[in-house]
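For reference, the structure is listed below as structure tokens.
Protein chains: 2
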Amino acid sequence: MTYSDLNTPLRTIMTPGPVEVDPRVLRAMSTPVVGQFDPAFTKIMNEVMEMLRHIFQTKNKWAFPVDGTSRSGMEALLCSIIEPGDKILVPIFGRFGYLLTEICERHGAEVHTMECTWGDVFDPADVIKEIKRVHPKIVALVHGETSTGRLQPLEKIGAACREMNVLFTVDGVASIGGTDLKVDEWFIDGLVGGTQKCLSVPSGMAPITYNERIEEIITARKKVERGISTAEDRKQELERDHPIIRSNYLDLSMLQDYWSSRRLNHHTEATTMLYALREGLRIVLEEGLENRFNRHKFHENALVSGLEAMGLTLFGSPSCKLPTVTCVNIPEGVDGESVRQMLLQEFGIEIASSFGPLQGKIWRIGTMGYSCRKENILFTLGALEAVLIRHGVRVHTGRALQAALDSYSLIHREPVGQ
Amino acid sequence: MTYSDLNTPLRTIMTPGPVEVDPRVLRAMSTPVVGQFDPAFTKIMNEVMEMLRHIFQTKNKWAFPVDGTSRSGMEALLCSIIEPGDKILVPIFGRFGYLLTEICERHGAEVHTMECTWGDVFDPADVIKEIKRVHPKIVALVHGETSTGRLQPLEKIGAACREMNVLFTVDGVASIGGTDLKVDEWFIDGLVGGTQKCLSVPSGMAPITYNERIEEIITARKKVERGISTAEDRKQELERDHPIIRSNYLDLSMLQDYWSSRRLNHHTEATTMLYALREGLRIVLEEGLENRFNRHKFHENALVSGLEAMGLTLFGSPSCKLPTVTCVNIPEGVDGESVRQMLLQEFGIEIASSFGPLQGKIWRIGTMGYSCRKENILFTLGALEAVLIRHGVRVHTGRALQAALDSYSLIHREPVGQ
Numbered sequence: 001m002t003y004s005d006l007n008t009p010l011r012t013i014m015t016p017g018p019v020e021v022d023p024r025v026l027r028a029m030s031t032p033v034v035g036q037f038d039p040a041f042t043k044i045m046n047e048v049m050e051m052l053r054h055i056f057q058t059k060n061k062w063a064f065p066v067d068g069t070s071r072s073g074m075e076a077l078l079c080s081i082i083e084p085g086d087k088i089l090v091p092i093f094g095r096f097g098y099l100l101t102e103i104c105e106r107h108g109a110e111v112h113t114m115e116c117t118w119g120d121v122f123d124p125a126d127v128i129k130e131i132k133r134v135h136p137k138i139v140a141l142v143h144g145e146t147s148t149g150r151l152q153p154l155e156k157i158g159a160a161c162r163e164m165n166v167l168f169t170v171d172g173v174a175s176i177g178g179t180d181l182k183v184d185e186w187f188i189d190g191l192v193g194g195t196q197k198c199l200s201v202p203s204g205m206a207p208i209t210y211n212e213r214i215e216e217i218i219t220a221r222k223k224v225e226r227g228i229s230t231a232e233d234r235k236q237e238l239e240r241d242h243p244i245i246r247s248n249y250l251d252l253s254m255l256q257d258y259w260s261s262r263r264l265n266h267h268t269e270a271t272t273m274l275y276a277l278r279e280g281l282r283i284v285l286e287e288g289l290e291n292r293f294n295r296h297k298f299h300e301n302a303l304v305s306g307l308e309a310m311g312l313t314l315f316g317s318p319s320c321k322l323p324t325v326t327c328v329n330i331p332e333g334v335d336g337e338s339v340r341q342m343l344l345q346e347f348g349i350e351i352a353s354s355f356g357p358l359q360g361k362i363w364r365i366g367t368m369g370y371s372c373r374k375e376n377i378l379f380t381l382g383a384l385e386a387v388l389i390r391h392g393v394r395v396h397t398g399r400a401l402q403a404a405l406d407s408y409s410l411i412h413r414e415p416v417g418q
Numbered sequence: 001m002t003y004s005d006l007n008t009p010l011r012t013i014m015t016p017g018p019v020e021v022d023p024r025v026l027r028a029m030s031t032p033v034v035g036q037f038d039p040a041f042t043k044i045m046n047e048v049m050e051m052l053r054h055i056f057q058t059k060n061k062w063a064f065p066v067d068g069t070s071r072s073g074m075e076a077l078l079c080s081i082i083e084p085g086d087k088i089l090v091p092i093f094g095r096f097g098y099l100l101t102e103i104c105e106r107h108g109a110e111v112h113t114m115e116c117t118w119g120d121v122f123d124p125a126d127v128i129k130e131i132k133r134v135h136p137k138i139v140a141l142v143h144g145e146t147s148t149g150r151l152q153p154l155e156k157i158g159a160a161c162r163e164m165n166v167l168f169t170v171d172g173v174a175s176i177g178g179t180d181l182k183v184d185e186w187f188i189d190g191l192v193g194g195t196q197k198c199l200s201v202p203s204g205m206a207p208i209t210y211n212e213r214i215e216e217i218i219t220a221r222k223k224v225e226r227g228i229s230t231a232e233d234r235k236q237e238l239e240r241d242h243p244i245i246r247s248n249y250l251d252l253s254m255l256q257d258y259w260s261s262r263r264l265n266h267h268t269e270a271t272t273m274l275y276a277l278r279e280g281l282r283i284v285l286e287e288g289l290e291n292r293f294n295r296h297k298f299h300e301n302a303l304v305s306g307l308e309a310m311g312l313t314l315f316g317s318p319s320c321k322l323p324t325v326t327c328v329n330i331p332e333g334v335d336g337e338s339v340r341q342m343l344l345q346e347f348g349i350e351i352a353s354s355f356g357p358l359q360g361k362i363w364r365i366g367t368m369g370y371s372c373r374k375e376n377i378l379f380t381l382g383a384l385e386a387v388l389i390r391h392g393v394r395v396h397t398g399r400a401l402q403a404a405l406d407s408y409s410l411i412h413r414e415p416v417g418q
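Protein chains in written order, with full-length UniProt numbering: chain A, 1 to 418; chain B, 1 to 418.
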């Protein structure tokens, strides 16, 4: 039986993830592996923890990746703190709010939801009012909602949660590394990031962080695996009066032991993905968080100018736009999927559609991480204009690229890092 | 803030995993990524499914990786079929049997165990007797137990399970790609493999397969996520009379939809790890399963000859030795960890210790995948002799390498593939 060598096309990936991987990260991934308890490897584990603390803007002790895609991190965080019957409030403003409810329900929580129109975010005061009414143990909220391209302000909600002794857990998958996210300053107790979006590392890891408030709950539910537990571990278990965490793979108390100096074997850390994450984080830290956030906005501005100059309109409320995702209303009568297909087939450019009620209504263009580059923005605008013309859309021809170039020339020098 | 470039030593990795990654796999991992719904990528997904069916020796429709380390695959399989209160029989002959009990307990099963001495395996007749007594819904069993280096015969147990309408799920993490494992012929209903052992792909994916018997249970528990479900999905859910699967991330009914032609978005597939798995499987198929199994035995023989010629004794019953892991009794009075450390520090060779009751009693030397090469065996034997001499052990000096070379020269030509 023979299979051909891996032959993949080179794409311009302008979706909200997975996006183009930084070539430095790809190179790091071809590094020969070392064993999981090799001092050379545990040093890398510690470095990644330190780097993650900077990216998350936190002093938390615990900051490490879960070995799975982003939602594995979200489930690890939630299932480790949810005890059956716990009340959770999930304010929903897009698809990934629903995902949070799914996870919580499966782990036995009593889920309370509130919803706002897709394309908008919540007024923090409304969420706080609902927290006061429901008295949940946990508030679970999305920061950057990729399905609608919106950014939920978190700080006031975080402060209120802390004051009312409610745990505040945040899905920062689409925002981390692309727009500001201050874990400590915004009173976030537990946060999950993504690799395949603004960090420009392949999908397959979910960096998380959590503070002592969460650690305390996890520790109270701790169980060490029978095959490797000590007499002391088993004694502590007998004194445990909280229910065990409902997953072995996603049990943060065990992951914590593995990432601590105890190095108690849980899984075998995904060596090459960790090499990739380290390199991806290193690139972010070299660029500097503020520079990086500015760069994302800088290119977003050019993209938006181009799209509007072409005559397209943006979806959603401008006041809460997620800088890393731009949602475009599909013009009346146009088959959005046909446009996407032509972009991919003729230009090798990928943009995204959306989910549920927005399917067929909007396109989503990502400007994330390594994909967020001038040539990608310009190429996408030019290609989209051509494809729309082919689809009979009356666009203002020639204006998109001029507007984008104008936007780029408004600032004499591009921000550092790009 | 600056961090240095990734600087890792080149090791000779002779543990039972993670082992050295084939250079072709490392190279594939530096390939630029494409989007998750790009036809170029879904083609790769389909190819990997086809390749996995060959490796698993099955005609099952479902064969795909779970995006997580091996135990995530085991938990995905078990949590998707366990309904609270289900009886499960777990015969335990090492650490990873305990892991199976942990996973099952956390998902609400009523777990029945039977144990045999570590270093031995079960007489299938004894397991069958216990199945008849307990009447479980599921038997969960380890095939290759790396903690003790034993290989459990499965066929008779599988046949008995099928006859009694019991589900038979197997942990083939340490055996797949290194020793024979016939999913269909041995009546295995669900099986989980590992990447970082005999497939010589980095840790981070868990290839699994399961048949219609399991698919039927999964389908009866199916729930499509609210943010992406259709009216038809929601109608079917209302008719569901089985409890929902207790994990979102590890829910095989959702993974199945993502790996099917429906391509219903669940997670974002770990692109680069899938490239790696594809290349790793391609290498196995090029070598041929039988050649590959023979090669593993061929090098195991040389290693064992060398160890015994040195005067060391092997742990465990020879009749059920796992060909890919050789367990060596640590000589009386020797600090096993000190020997391991010196091997690593002076020679750059990593061998493993073991867990629980065997900690400090045995070393475990893996001969898996790309690590299973003549130069690695010879280097390890020579180094171990030197280190043992340094530790004051009276070994038969000079004999180990001669015995290994003799073993190699007994066969005129090495098997194809190495």
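Cβ coordinates follow ideal geometry from the N, Cα and C atoms, glycine included. As the structure is a computational prediction, the values presented were derived from the model and not from experiment.
With distance defined between alpha-carbon atoms, name the residue in the options nearest to residue i.
{"i": "residue 456 of chain A", "options": "B/12, B/45 and B/2", "result": "Limits of chain A in this structure are 1 at one end and 418 at the other, which puts residue 456 of chain A out of reach."}
{"i": "residue 29 of chain A", "options": "A/271, A/199, A/283 and A/345", "result": "A/271"}
{"i": "residue 147 of chain B", "options": "B/40, B/94, B/106 and B/160", "result": "B/94"}
{"i": "residue 356 of chain B", "options": "A/286, A/230 and A/311", "result": "A/230"}
Return the chain-ordered list of same chain residues with a C-beta closer than 6 Å to the C-beta of residue i, the five sequence neighbours on each side being excluded.
{"i": "residue 84 of chain B", "result": "108"}
{"i": "residue 419 of chain A", "result": "There is simply no residue 419 of chain A to check, as chain A begins at 1 and stops at 418 in what is shown."}
{"i": "residue 115 of chain A", "result": "92"}
{"i": "residue 211 of chain B", "result": "60 and 189"}
{"i": "residue 207 of chain A", "result": "52, 65 and 193"}
{"i": "residue 388 of chain A", "result": "395"}
{"i": "residue 380 of chain B", "result": "14 and 349"}
Opposite residue i in the DSSP bridges: which residues?
{"i": "residue 438 of chain A", "result": "Residue 438 of chain A falls outside the range modelled here, since chain A spans only 1 to 418, and no answer is possible."}
{"i": "residue 150 of chain A", "result": "A/145 and A/321"}
{"i": "residue 112 of chain B", "result": "B/89"}
{"i": "residue 419 of chain B", "result": "There is no way to answer for residue 419 of chain B, as the model of chain B reaches only from 1 to 418."}
{"i": "residue 37 of chain B", "result": "DSSP output for residue 37 of chain B lists no bridge partner at all."}
{"i": "residue 131 of chain B", "result": "In DSSP, residue 131 of chain B forms no bridge with anything."}
Would you say residue i lies against chain A (beta-carbon separation less than 8 Å)?
{"i": "residue 21 of chain B", "result": "yes"}
{"i": "residue 248 of chain B", "result": "yes"}
{"i": "residue 10 of chain B", "result": "yes"}
{"i": "residue 55 of chain B", "result": "no"}
{"i": "residue 261 of chain B", "result": "no"}
With 8 Å as the threshold, decide whether the Cβ of residue i is near any Cβ in chain B.
{"i": "residue 72 of chain A", "result": "yes"}
{"i": "residue 285 of chain A", "result": "yes"}
{"i": "residue 270 of chain A", "result": "yes"}
{"i": "residue 26 of chain A", "result": "yes"}
{"i": "residue 226 of chain A", "result": "yes"}
{"i": "residue 371 of chain A", "result": "no"}
According to DSSP, is residue i part of a helix, a strand, or is it coil?
{"i": "residue 366 of chain B", "result": "strand"}
{"i": "residue 211 of chain B", "result": "coil"}
{"i": "residue 177 of chain B", "result": "coil"}
{"i": "residue 350 of chain B", "result": "strand"}
{"i": "residue 382 of chain B", "result": "helix"}
{"i": "residue 271 of chain A", "result": "helix"}
{"i": "residue 418 of chain B", "result": "Unreliable positioning characterises residue 418 of chain B in this predicted model, as indicated by a pLDDT of 47, which lies under 50. The coordinate reading is nonetheless provided below. Reduced to three states, the DSSP call for residue 418 of chain B is coil."}
{"i": "residue 406 of chain B", "result": "helix"}
{"i": "residue 190 of chain B", "result": "strand"}
{"i": "residue 101 of chain B", "result": "helix"}
{"i": "residue 257 of chain A", "result": "helix"}
{"i": "residue 55 of chain A", "result": "helix"}
{"i": "residue 122 of chain A", "result": "coil"}
Leaving out the 5 sequence neighbours to the left and right, which residues in its chain are closer than 7 Å to residue i when beta-carbon positions are compared?
{"i": "residue 359 of chain A", "result": "353"}
{"i": "residue 418 of chain B", "result": "Confidence is the limiting factor: at residue 418 of chain B the pLDDT is only 47, short of 50, which leaves the residue's position unreliable, though a coordinate-based value still follows. Hits under 7 Å: 295 and 373."}
{"i": "residue 62 of chain A", "result": "209, 210, 215 and 256"}
Excluding the five sequence neighbours on either side, which residues of its own chain have a C-beta within less than 8 Å of the C-beta of residue i, listed in chain order?
{"i": "residue 324 of chain B", "result": "16, 144, 174, 175, 178, 179, 197, 198, 296, 300, 366, 367, 368 and 372"}
Is residue i near the ligand ZN - that is, is its Cβ less than 7 Å away from at least one heavy atom of it?
{"i": "residue 331 of chain A", "result": "In terms of ligand content, the structure shown is empty, and the ligand ZN therefore cannot be addressed."}
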